[in-house]
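One structure below.
There are 2 protein chains.
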Amino acid sequence: MADQKRITSVDVARLAGVSQSTVSRTFAGDTRVKPETRERVLSVAKEVGYVPNFIARGLSAQTTNLVGIVMADVASMFYPYVLQEFVRALQKRGKHALVFNVRSDGNADDVLQETLQYQVDALIIAASTVSDEMVEACARTDTPVFLFNRTLPHVNSICVDNYQGGRQIADLFVRNEYENIGVLTGIEDTQTNQQRQSGFLGRLAEHGVAPSYRAQGDYTYKSGYAAGRSLFNSDVALDAIFCASDAMAIGLMDAARDAGRTVPEDIAVAGFDGIPVADWAANSLTTIEQPMDALVKGTLDWMDKTLASPDWKTQPPRVKLLPGTLMQRRSTSLPEIIVAE
Amino acid sequence: MADQKRITSVDVARLAGVSQSTVSRTFAGDTRVKPETRERVLSVAKEVGYVPNFIARGLSAQTTNLVGIVMADVASMFYPYVLQEFVRALQKRGKHALVFNVRSDGNADDVLQETLQYQVDALIIAASTVSDEMVEACARTDTPVFLFNRTLPHVNSICVDNYQGGRQIADLFVRNEYENIGVLTGIEDTQTNQQRQSGFLGRLAEHGVAPSYRAQGDYTYKSGYAAGRSLFNSDVALDAIFCASDAMAIGLMDAARDAGRTVPEDIAVAGFDGIPVADWAANSLTTIEQPMDALVKGTLDWMDKTLASPDWKTQPPRVKLLPGTLMQRRSTSLPEIIVAE
DNA sequence: CTGAAAGCGCTTACAG
DNA sequence: CTGAAAGCGCTTACAG
Numbered sequence: 000m001a002d003q004k005r006i007t008s009v010d011v012a013r014l015a016g017v018s019q020s021t022v023s024r025t026f027a028g029d030t031r032v033k034p035e036t037r038e039r040v041l042s043v044a045k046e047v048g049y050v051p052n053f054i055a056r057g058l059s060a061q062t063t064n065l066v067g068i069v070m071a072d073v074a075s076m077f078y079p080y081v082l083q084e085f086v087r088a089l090q091k092r093g094k095h096a097l098v099f100n101v102r103s104d105g106n107a108d109d110v111l112q113e114t115l116q117y118q119v120d121a122l123i124i125a126a127s128t129v130s131d132e133m134v135e136a137c138a139r140t141d142t143p144v145f146l147f148n149r150t151l152p153h154v155n156s157i158c159v160d161n162y163q164g165g166r167q168i169a170d171l172f173v174r175n176e177y178e179n180i181g182v183l184t185g186i187e188d189t190q191t192n193q194q195r196q197s198g199f200l201g202r203l204a205e206h207g208v209a210p211s212y213r214a215q216g217d218y219t220y221k222s223g224y225a226a227g228r229s230l231f232n233s234d235v236a237l238d239a240i241f242c243a244s245d246a247m248a249i250g251l252m253d254a255a256r257d258a259g260r261t262v263p264e265d266i267a268v269a270g271f272d273g274i275p276v277a278d279w280a281a282n283s284l285t286t287i288e289q290p291m292d293a294l295v296k297g298t299l300d301w302m303d304k305t306l307a308s309p310d311w312k313t314q315p316p317r318v319k320l321l322p323g324t325l326m327q328r329r330s331t332s333l334p335e336i337i338v339a340e
Numbered sequence: 000m001a002d003q004k005r006i007t008s009v010d011v012a013r014l015a016g017v018s019q020s021t022v023s024r025t026f027a028g029d030t031r032v033k034p035e036t037r038e039r040v041l042s043v044a045k046e047v048g049y050v051p052n053f054i055a056r057g058l059s060a061q062t063t064n065l066v067g068i069v070m071a072d073v074a075s076m077f078y079p080y081v082l083q084e085f086v087r088a089l090q091k092r093g094k095h096a097l098v099f100n101v102r103s104d105g106n107a108d109d110v111l112q113e114t115l116q117y118q119v120d121a122l123i124i125a126a127s128t129v130s131d132e133m134v135e136a137c138a139r140t141d142t143p144v145f146l147f148n149r150t151l152p153h154v155n156s157i158c159v160d161n162y163q164g165g166r167q168i169a170d171l172f173v174r175n176e177y178e179n180i181g182v183l184t185g186i187e188d189t190q191t192n193q194q195r196q197s198g199f200l201g202r203l204a205e206h207g208v209a210p211s212y213r214a215q216g217d218y219t220y221k222s223g224y225a226a227g228r229s230l231f232n233s234d235v236a237l238d239a240i241f242c243a244s245d246a247m248a249i250g251l252m253d254a255a256r257d258a259g260r261t262v263p264e265d266i267a268v269a270g271f272d273g274i275p276v277a278d279w280a281a282n283s284l285t286t287i288e289q290p291m292d293a294l295v296k297g298t299l300d301w302m303d304k305t306l307a308s309p310d311w312k313t314q315p316p317r318v319k320l321l322p323g324t325l326m327q328r329r330s331t332s333l334p335e336i337i338v339a340e
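Residue numbers (my numbering), protein chains in the order written: chain A, 0 to 340; chain B, 0 to 340.
Shown next, in the form of structure tokens:
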């Protein structure tokens, strides 16, 4: 009950009859420590329940093994999984995630300061944007920054190829001979949305097709449902519609059903993201699946390599694009194809 | 480019013509610092871009403002939201989340060690279990532990009232005059599952009803769909079924649709959790909604109070149960009721 | 209201 | 292979 002092390396050293340096070296895995000494230290440590203090180590070694992860609370249902993947993958690499949240409409500057105060070894920013000044500040403190699923010219970025994904959906629509084509966009000025749109519309134009309907949502199920309601209450007749997120696409499909329309017979629907719900039987949504594991692994490998190279600050920032995967499901299949499988 | 030394409080002190102590006090918000001095320090700090080093502060002040959050990667879709809420709420309180992941079938011991090494001020364990020894270890290092949505006799726990929730569903079923009642359980030996089951079955028994069907899933959509398939392929005819998670309930409903059954006319379905997808139009699932905000806030308020009270270790651990909310939706409504609304 | 100084628990040259 | 000692950047009695 009494505040018995925390056990430190000094205590272990005394008990094991060695110097504090030796205890430190033992736990650092220094191979110069004689095996017998090592054993003795470890056994004493175990006995008294000693574990090294990472905070002290951080101060002294100037490296915390902490990685800051900044996430916006996005409505898209993709990011919770991303966060979980990062936490898990970091753990495997002996690092740990210090997680920060920013409002999806704000930028990450507010919290970046705090992140740096914790002396994180690196910073991963997902689903929000950063100012150039903040990037500067990170550089000053030798903290490499990685943008996840967003690109910025002066920052290392890793991102699914939204543009290419949009093109793939366009190709699919043309291949399926849909003629009256609509599009449900995400939040207008997000990079993600712009890229998905410009890929989709650009490729459509190359095929000589122009969309005949256009509405805007905010990536959420709710906005998709609302868009669907007004679409199906109108006299617009579409063969197919591309939605900038899976959640919106599912909302729109539910609205279709509630309005007595059948997917894909009355209207084909495609989304983007590849969230688990998209593959549920009731939805079976055609979509571009984000290569989540590759994105996460790519980010962390890149980070590791950067941290290991002493001259990383001299290297120009790069943007890495990873292709998504077209998942063709029943929401765009023609009836015959369904029968065929 | 060159490794210009990090700016420390000593630099600021020199530039501002005060002692390092004064700089420290200024940033600690010490009211004894003369306003003019304070201004000067802050302006110099701003000019040179100084911010306090939290790691050093942590070592010195023996408090890191770090809270460890241990999460299992549960299939239930409830926890990603919980994590996001914790991160956000902690940030508001000037604390930060160090997030750890454990396999859902393991216990938290493996990572707890690491958590303690980071000298977290407190530990929140969600969706996994801990050994008594580990709880001991936490006590030794003065780290209060809170179990989230799980209870253990020797640990502070905060949890939705699973038992009561099960009873509410039973009452609803009886009220709706369902006679042939089934149950789809979660993973057999999880506490959550046991409590939901015993509440449900116990209350049913009090009404003189015994379930006529029972299957087991693992909380996932997939397992719910599979259970539904085999149920609807059998000659069992049920009026209603209670599933131990929303994801399973939705899977089962999708299987029902695919088998040509109508919900709730052919079979009524209820779940547990209150995940956002449950409220989507296509599902409209009756469920017990977890009081997520109250659970998170309750945990953090409790944590704050504990950290503020010097004698917290002498207080016996408590278990706090919060009631869930019955959300009656179309998956259990009788046809007439639907018409009525 | 302010400063000098000890101390938090490690790492890491340096010397042997 | 090991130890003595400086130092990481703060906080916080203690003294004035």
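Here a beta-carbon is modelled for each residue, glycine too, at the ideal position from N, C-alpha and C.
Query, Result
"C-beta neighbour in chain B for Q194(A), strict 8 angstroms", "no"
"Buried or exposed by the 16-neighbour rule on C-beta atoms within 10 Å, applied to V386(A)", "In the structure as shown, chain A starts at 0 and stops at 340, and residue 386(A) therefore has no counterpart that could be examined."
"Distance between V86(B) and F53(B) (C-alpha atoms, nearest Å)", "18 angstroms"
"Three-state secondary structure (DSSP) of Q327(A)", "coil"
"4-residue-minimum alpha helix (DSSP H) runs that sit fully inside the region 3-73 of chain B, ordered along the chain", "8-15, 19-27, 34-47 and 53-60"
"Contacts that N161(B) makes with chain A (C-beta to C-beta distance below 8 angstroms)", "Within 8 angstroms Cβ-Cβ: nothing; N161(B) doesn't reach chain A, min ~23 angstroms."
"Sequence-distant residues of its chain with Cβ nearer than 7 angstroms to S18(B) (five each side left out)", "A12"
"Beta-ladder partner(s) of Q215(A), from DSSP", "T184(A)"
"Where G259(B) sits in the DSSP three-state scheme", "coil"
"Chain-ordered chain A contacts of A55(B) [CB-CB under 8 angstroms]", "L58"
"Under 8 angstroms between C-beta atoms of A243(B) and Y218(B)", "yes"
"Selected residue, minimal CA-CA separation from M70(A), among T63(A), G93(A), E38(A) and S103(A)", "S103(A)"
"F77(B), DSSP secondary structure in three states", "coil"
"Neighbourhood of S197(B) by C-beta, 8 angstroms cutoff - its chain only, sequence neighbours within 5 removed", "Y162 and G165"
"Against chain A: residues of the region 289-310 of chain B by CB proximity under 8 angstroms", "none"
"Beta carbon proximity, V22(A) to chain B, threshold 8 angstroms", "no"
"Amino acids of chain A, ordered along the chain, whose beta-carbon sits closer than 8 angstroms to that of D72(B)", "Q83 and R87"
"Residues of the region 108-139 of chain B whose Cβ lies closer than 8 angstroms to any Cβ of chain A, in chain order", "V110, Q112, E113, L115, Q116, Y117, Q118, A136 and R139"
"CB contact below 8 angstroms: V144(A) versus chain B", "no"
"Local conformation of I124(B) per DSSP, three classes", "strand"
"Sequence-distant residues of its chain with Cβ nearer than 6 angstroms to V154(B) (five each side left out)", "V134, V144, L146 and P316"
"Neighbouring residues, chain B, relative to R329(A) (Cβ below 7 angstroms)", "Residues of chain B passing the Cβ test: none, with the nearest at roughly 11 angstroms."
"Cβ separation of A136(A) and L115(A), assumed to be a contact under 8 angstroms, to the nearest whole Å", "7 angstroms"
"Whole-Å CB distance - I240(B) paired with G223(B), under 8 angstroms assumed", "With a Cβ gap of about 10 angstroms, I240(B) and G223(B) do not count as contacting."
"Beta-carbon gap between I266(A) and L237(A) smaller than 8 angstroms", "yes"
"Inter-residue Cα distance where the pair is V40(A) and A277(A)", "54 angstroms"
"Runs of beta strand (DSSP E) wholly within the region 80-158 of chain A (minimum 3 residues, chain order)", "95-101, 121-125 and 144-147"
"Alpha-carbon spacing of T189(A) relative to T128(A), whole angstroms", "10 angstroms"
"Where the beta strand (DSSP E) containing L321(A) begins and where it ends", "V318 to L321"
"Residues that L97(A) contacts on chain B, provided the C-beta gap is smaller than 9 angstroms", "L65, H95, A96, L97 and V98"
"Secondary structure of E288(B), DSSP reduced to three states", "strand"
"I249(B) - DSSP class collapsed to helix/strand/coil", "helix"
"For I352(B): DSSP bridge partner residues", "With chain B covering only 0 through 340, there is no way to say anything about residue 352(B)."
"Proximity of N354(B) and S229(B) at Cβ, strictly below 8 angstroms", "Because chain B in this structure spans residues 0 to 340, residue 354(B) falls outside the shown range and cannot be described."
"Beta-carbon proximity list for A339(A), same chain, < 7 angstroms, skipping 5 on both sides", "Reliability of the predicted coordinates at A339(A) is poor, the pLDDT of 44 falling under 50, and the value obtained from them is presented with this limitation in mind. Cβ neighbours of A339(A) beyond the five flanking positions: none."
"Helix, strand or coil at I274(B) according to DSSP, with G and I counted as helix", "coil"
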